[in-house]
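Okay, so here's the structure we're looking at.
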Amino acid sequence: MMTWYLRRRDVLGAGALGTAAVGLDTLARFEPGRSRTVTVVEESGVPESRQFASALIDSGFAGEVIRIDQSLNGLLHELEATTGTVIGMTSDPVAMIAGQLLGERGAHARQFWQHHYAGGRWGHRTEGSVRLIENTTHAWPVAIAHQLQSAIGSRSRQFPNACTSGACALVVSSPGMLVSWVHEFEGYQS
Amino acid sequence: MSSIVPQGVAASDFSNALDEFAGVVGKDRVYVDEQPLSSYRDAYSPLADGEFLPSAAVAPEGVEQIKKILKIANAYKIPIWTIGTGRNFAYGGPAPRKSGYVMLDLRRMNRIIEVNEKYGYALVEPGVSYMQLYRHLRAIGSKLWIDPAAPAWGGVMGNALEHGAGYTPYGDHFTMQCGMEVVLADGEVIRTGQGALAGSKHWQVTKHAAGPQFDGMFTQSNFGVVTKMGIWLMPEPPGYKPFMITYEREEDLEAIFEITRPLKVNQIIPNAAVAVDLLWEVSAKTTRRHYFDGKGPLPQSIRKQIASDHKLGMWNYYGALYGPPPIIENNWKIVEDALMSIPGAKLYLDRENDPAWDYRVRLMRGEPNMTEFSIMNWIGGGGHVNFSPLLAPNGSEALAQYNLIKSRCHDHGFDYIGEFLVGWRDMHHILMIMYDRADEAMRKGAYDLFGVLVAEAAESGFGEYRTHLAFMDQIAKTYKHNDGALWDLHQRIKDVMDPNGILSPGKQGIWPKSMRTTS
Ligand SMILES: Cc1cc2nc3c(=O)[nH]c(=O)nc-3n(C[C@H](O)[C@H](O)[C@H](O)COP(=O)(O)OP(=O)(O)OC[C@H]3O[C@@H](n4cnc5c(N)ncnc54)[C@H](O)[C@@H]3O)c2cc1C
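For the protein sequence lines, the chains are A and B, in the order given.
So for the first sequence, my numbering puts the first residue at 1; every next one is plus one.
So for the second sequence, my numbering puts the first residue at 1001; every next one is plus one.
Listed below in structure tokens is the structure:
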């Protein structure tokens, strides 16, 4: 596993597509001059995780990405060197391992939102605007990416909400239960 | 700062002790705030949140600091809980047996002191993980393998001290351990085996020495803090042949282990032969919610569908042969004839796009990875606890135990998710009870199920090889021979070696005198 320094054109495809699908042309931009490192952890075998990571990279919010394959070994190799904000939408076990490793290195757990497929619908426990996520069909990870960016640094009440669109499906390679999470090292809190 | 104080210790004494710990290791190595302490909780706990939380943690860098820490703990009668790498998930993670203990976190002690290529061993400190040792061996160009447990972040020492298991021929880690250095509760440092001889060159070469062998006493116990341990490493063999065989019917388990016993006892199959049930095996590839939205155990029709979709059996058998190719080919004929004699058996020497095959093949050749954690996606929600009874490599015994445990799982609304693993002459049965921690009824059901299983297994003559913190007392009490004489001995030793009861009180149901009534 390697930490990749991504340029916008490397990821334009997936990220741009996802953004367009939910009409989120206002995705928060990385603020120039702010010395914050944002690393996104992508679980490459999980489609929602890829969508989420692409959205954050494409918006310029995340400058680095750590890609984790099915061995999950990248977590052990790559998280060691992270600083600033580390963010991801991953399966539950990956969220647990990342949280453990980052917590031991002194990172603070900021956000922990859950996404759960049951009864033929995606359900979410998130902070912030519920409606945005309810109507996003298959691009909900992009909406979450957007919402999570603005939630960092201010914790508010979590609300349960479920997908209300017609097309709400579970793809074969999705674990069906995901967590979007944020950990921050001291001195980097936004 | 954490508001938790060790039971029976005055707040002022505790505060003094923390200051004194800081005087030994530095203020930045004594953790008292919520953030660092939260990483010592058991993320998979079968208990409600808020149990088994430490009051503080102290992280020494060597033996001299440990001695001083123990002196302070003795002076203030502070209970401490020792961890190596602290990855004991499924059995309690890094969490202490009771809230209020001070963690003795040995992760900073992570030196690989020696690798001996000629005799095939390493001498390590408590904080050395499998992944670390593996990378080190590759970096120095060693031709030695390690034998990792399924989680690559686990500790070479911590796992062996827990009697853990891996998947190469060196899979019984306590058997492969050779020579320890231990700090006793009173600060005395001892070395076991040949290490007790000043200037010995054979500490890691042989377990034998004059006098009693004490190493076992420091495993699954609270009699000392182990600071160095030797581990034998397998030389890379000239050949390796992994295989997987699927079996169609649950009842095949009986024939599988009748056939396996002679193959294992005679070391024709030298590594741990494992029969993995359908759901454990498939859970690295899909989840329950892809197939079934209801509660309770999966209907049989869906199990059949899963088996067919993923080309799996009700049992999926893994093993490997090692050595010079002519020997492998010769032994393979014996293995194949025997294991393929069960009707419906299907053999795989490779499987494409199969993460389960992939991680097991890596483990059987000593390559650490973390893939097995993905099986937790089966339910999701981060709860699981392992029930691990021992039995003989005997087909009817295995089938009887399987039927008993499966029916109790079903009674409590859980799927059976398990595997049987033959080490050499014994068999470990690992039942993984998975639950969503956010579902309170499910978490409680898992806890209750575990308790029932311990009691019923004991009634049928089965004991567990290891257990989660929450069940240590219950399991200790099942060892009833002569009115519990063995645990009585453990506690008598505890009282002599650790009269203030500072070292990991309650570990494995061994309590110091002062806590026996309150525990
Ligand atoms: C998905 C999954 C798969 C797993 N697969 C396996 C497997 O294949 N094989 C297996 O064996 N286990 C397995 N486990 C269980 C467990 O995760 C491993 O056994 C792990 O290696 C134990 O943690 P550790 O090595 O970090 O030990 P630690 O947590 O450091 O130590 C375990 C215990 O040993 C004692 N101890 C540790 N160090 C010392 C010391 N220096 N002095 C005195 N006492 C000490 C303490 O009581 C401590 O609580 C699995 C768990 C999960 C979640």
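Heads up, the beta-carbon is just placed ideally off N, CA and C, and yes, glycines get one too.
(message) Within a Cβ cutoff of 8 Å, which residues of the same chain sit near Y117/A, ignoring the five residues on either side of it in sequence?
(response) The beta carbon of Y117/A is closer than 8 Å to those of G123, L170, S174, G176, M177 in its chain, skipping five residues each way along the sequence.
(message) Under 7 Å: does the beta carbon of L1123/B sit that close to some heavy atom of ligand 1?
(response) no
(message) I want to check one thing, is the minimum distance from the CB of Y1091/B to the heavy atoms of ligand 1 below 7 Å?
(response) yes
(request) Spell out whether any CB of chain B is found under 8 Å from the CB atom of A264/A. (result) An answer regarding residue 264/A cannot be provided, because it is not within the stretch 1 to 190 covered by chain A.
(message) Taking its Cβ as the centre, do 16 or more other Cβ atoms sit within 10 Å of N1482/B, making it buried, or is it exposed?
(response) exposed
(message) If contact is defined by three or more beta carbon pairs under 8 Å, each pair taking one atom from either stretch, is the stretch 1007–1024 of chain B in contact with the stretch 1392–1406 of chain B?
(response) no
(request) Could you list which residues in chain A have their beta carbon closer than 8 Å to that of M1370/B, in chain order? (result) S71, L72, N73, L75, L76, I97
(message) If I follow the unbroken beta strand (DSSP E) through Y1346/B, where does it start and stop?
(response) The amino acid occupying residue 1346/B in the given sequence is Lys; Tyr does not appear at that position. Segment 1346–1348, the beta strand (DSSP E) holding K1346/B.
(request) Report the three-state DSSP secondary structure of P1499/B (helix, strand or coil). (result) coil
(message) Quick check on the burial criterion: 16 or more other C-beta atoms within 10 angstroms. Buried or exposed for Q1213/B?
(response) It counts as exposed.
(request) Rounded to whole angstroms, what's the CA-CA distance from I1080/B to P1505/B? Just pull it up for me. (result) The C-alpha of I1080/B lies about 8 Å from the C-alpha of P1505/B.
(request) Give a yes or no on whether 8 Å exceeds the smallest Cβ distance from Q189/A to chain B. (result) With a pLDDT of only 42 at Q189/A, under the threshold of 50, the placement of this residue in the model should not be trusted; the figure read from the coordinates follows. For Q189/A, the answer is no, since every Cβ of chain B falls outside 8 Å of its Cβ.
(request) Would you kindly work out how many angstroms separate the C-alpha atoms of S59/A and L1390/B, rounded to a whole number? (result) 54 Å
(message) With a threshold of 8 Å between beta-carbons, can H108/A be considered close to chain B, or not?
(response) By this cut-off, H108/A is an interface position.
(request) Quickly, what does DSSP pair W122/A with across the bridge? List them, please. (result) Y117/A
(message) Within 10 Å of its beta-carbon, does I1140/B have 16 or more other beta-carbons around it, so buried, or fewer, so exposed?
(response) exposed
(request) Alpha carbon to alpha carbon, how far is K1285/B from D1354/B? Give it in angstroms, no decimals. (result) 7 Å
(message) Tell me whether S1504/B, by its Cβ, gets closer than 7 Å to a heavy atom of ligand 1.
(response) Residue side-chain check: S1504/B places its Cβ nearer than 7 Å to a non-hydrogen atom of ligand 1.
(request) Decide if H1208/B is buried, meaning its Cβ has at least 16 other Cβ atoms within 10 Å, or exposed. (result) exposed
(request) Please classify N1316/B: does DSSP put it in a helix, a strand, or coil? (result) The DSSP-derived three-state label of N1316/B is strand.
(message) Could you give the first and the last residue of the continuous alpha helix (DSSP H) run that contains P1257/B?
(response) For the sequence presented, residue 1257/B should be read as Phe rather than Pro. F1257/B -> alpha helix (DSSP H) spans 1252–1265.
(request) Verify the CB distance criterion: does G1380/B have a CB-CB separation below 8 Å to chain A? (result) The Cβ of G1380/B sits closer than 8 Å to at least one Cβ of chain A.
(message) Along the stretch 1288–1304 of chain B, where does the CB come closer than 7 Å to a CB of chain A? Name the residues.
(response) R1289, H1290, D1293
(request) Under 7 Å between beta-carbons, which chain B residues line up against E104/A? List them in chain order, please. (result) S1039
(request) Can you check DSSP and say which residues form a bridge with M1270/B? (result) Before going on, a small fix: residue 1270/B reads as Pro here, not Met. None; P1270/B has no bridge partner.
(message) Among S1099/B, G1224/B, F1014/B, whose alpha-carbon lies nearest the alpha-carbon of R1533/B?
(response) Residue 1533/B is absent from the model: chain B starts at 1001 and stops at 1519.
(request) Return the chain-ordered list of same chain residues with a C-beta closer than 7 Å to the C-beta of A1272/B, the five sequence neighbours on each side being excluded. (result) The beta carbon of A1272/B sits closer than 7 Å to the beta carbons of A1165, Y1167, G1171, L1421, V1422, G1423 from its chain, once the five residues preceding and following it are set aside; these are given in chain order.
(request) Output yes if chain B places a C-beta closer than 8 Å to the C-beta of S165/A; else output no. (result) no
(request) Sort A145/A, A162/A, Q149/A, C163/A by Cα distance to S54/A and report the nearest one. (result) A145/A
(message) Here's a check: name, in chain order, each residue in its chain whose Cβ is nearer than 8 Å to the Cβ of G84/A, leaving out the five neighbours to either side.
(response) R36, T37, V38, T39, E184, F185, Y188
(request) For the beta strand (DSSP E) containing I1112/B, list its first residue and its last residue. (result) 1112–1116
(message) For C1178/B, report the span of its beta strand (DSSP E) as first-last.
(response) 1177–1184
(message) What would DSSP say about E1459/B, mapped onto helix, strand or coil?
(response) Reduced to three states, the DSSP call for E1459/B is helix.
(message) Taking the beta carbon of Q100/A as the centre, do at least 16 other beta carbons fall within 10 Å, making it buried, or is it exposed?
(response) buried
(message) Quick check on DSSP: helix, strand or coil for A1209/B?
(response) coil
(message) According to DSSP, I1245/B sits in a beta bridge with which residue or residues?
(response) Y1317/B, L1347/B
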